[in-house]
Each structure stands twice: as C-alpha cells, then as structure tokens.
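K.L.:
Note that our numbering has the sequence shown beginning at 1260, numbered continuously upward.
Sharing a structure, written as structure tokens. Questions coming.
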Amino acid sequence: MSLTSVKMSEEVWFTCLTHALSTETEEIMGLLLGDIQYSKGGNATALIWGASPQTRSDRRKDRVETNPEQLAAASAQAEISFICLPTCLVTLLLSLFHLP
C-alpha cells in the first residue's frame, strides 16, 4: 500500500531545515522517525515526529554516506522513543532525507 499523505511536526521540519542551512554547499542526509497510520478507507499516512541528522563519513562531492554507528544510534533512538511514549505509538525508522 502506498502513502496518501505525510504529516511532519514543526520541530522535525526545523531540524531538517537547520541541518540543510548549516552545511550550505554540502549535501546532507538524515533519518526520519515515525510510524504509518492506516485508515479504514485504505489510506496510509506517514506520521513523522523525529529526525536524526547524520554527519558525512565520506567527504567526496559525489557521495553522502554515513557510518554504521550513526545508523545504530538512530535505531536506538527509535527504540527509546517507543519505550518512553505514554501513547503506545510505535517508532520506526521511516525514511531518510537527502538534500543536494
């Protein structure tokens, strides 16, 4: 099933924007944390409530790569969010963002 909409918190939007503006000419990437909500009508909405900006491990202009330790830390962040949230929402690594 494909997504029909995406809802992103203001905090996540500003995190991504700040990351992009702080690097100016470099490409960036990061991970988006959240969950998928399915409605009875068959629609699927991505609910994004967290962002994990990643630092570049490769400085070549045509590469934007991260190291495995950063990915593991983001996965741990998702697991901690699941444990701490009182609403029993599952937190998944939904996607990555990449801006040239």
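Just so it is clear, CB atoms sit at the ideal spot from N, CA and C, and this is done for glycine as well.
Here the structure is a predicted model, which means the values were calculated and not measured.
Under 8 Å between the Cβ atoms of V1271 and A1310?
P.N.:
Here the question's residue 1271 lines up with position 12 in the sequence shown. Here the question's residue 1310 lines up with position 51 in the sequence shown. For V1271 and A1310, yes; Cβs fall inside 8 Å.
K.L.:
Might you give, ordered along the chain, the residues of its own chain that have their beta carbon closer than 8 Å to the beta carbon of N1326, omitting 5 neighbours on each side?
P.N.:
Looking up residue 1326 in the sequence shown gives position 67. The answer, listed in chain order, is S1316.
K.L.:
Please go through the same chain and pick out, in chain order, the residues whose beta-carbon is closer than 7 Å to the beta-carbon of T1274, but skip the five residues on each side of it.
P.N.:
By 1-based counting over the sequence shown, the position of residue 1274 is 15. Once the five neighbours on either side are set aside, the close Cβ partners of T1274 are A1310, P1312.
K.L.:
Tell me the rounded alpha-carbon separation between N1302 and E1286.
P.N.:
For this step, residue 1302 is matched to residue 43 along the sequence shown. For this step, residue 1286 is matched to residue 27 along the sequence shown. Whole-angstrom Cα-Cα distance: 33 Å.
K.L.:
Using the Cα positions of E1283 and L1290, report the straight-line distance between them to the nearest angstrom.
P.N.:
Numbered from its first residue, the sequence shown carries residue 1283 at position 24. Numbered from its first residue, the sequence shown carries residue 1290 at position 31. The alpha-carbon atoms of E1283 and L1290 are separated by roughly 19 Å.
K.L.:
Less than 8 Å between the CB atoms is what I'm expecting for L1353 and I1307, so what's the real figure, rounded?
P.N.:
Working through the sequence shown from its first residue, we reach residue 1353 at position 94. Working through the sequence shown from its first residue, we reach residue 1307 at position 48. Yes, L1353 and I1307 are in contact; Cβ-Cβ is about 6 Å, under 8 Å.
K.L.:
Extract the residue ranges of the beta strand (DSSP E) inside the region 1287–1321, only unbroken runs of 3 or more that lie entirely within it.
P.N.:
For the region 1287–1321, whole beta strand (DSSP E) runs of length 3 or above, ordered along the chain, are 1287–1297, 1303–1313.
K.L.:
Which of the three DSSP states, helix, strand or coil, is assigned to V1323?
P.N.:
One-based indexing of the sequence shown puts residue 1323 at position 64. In the structure shown, V1323 sits in coil (DSSP, three-state: anything other than H, G, I, E or B).
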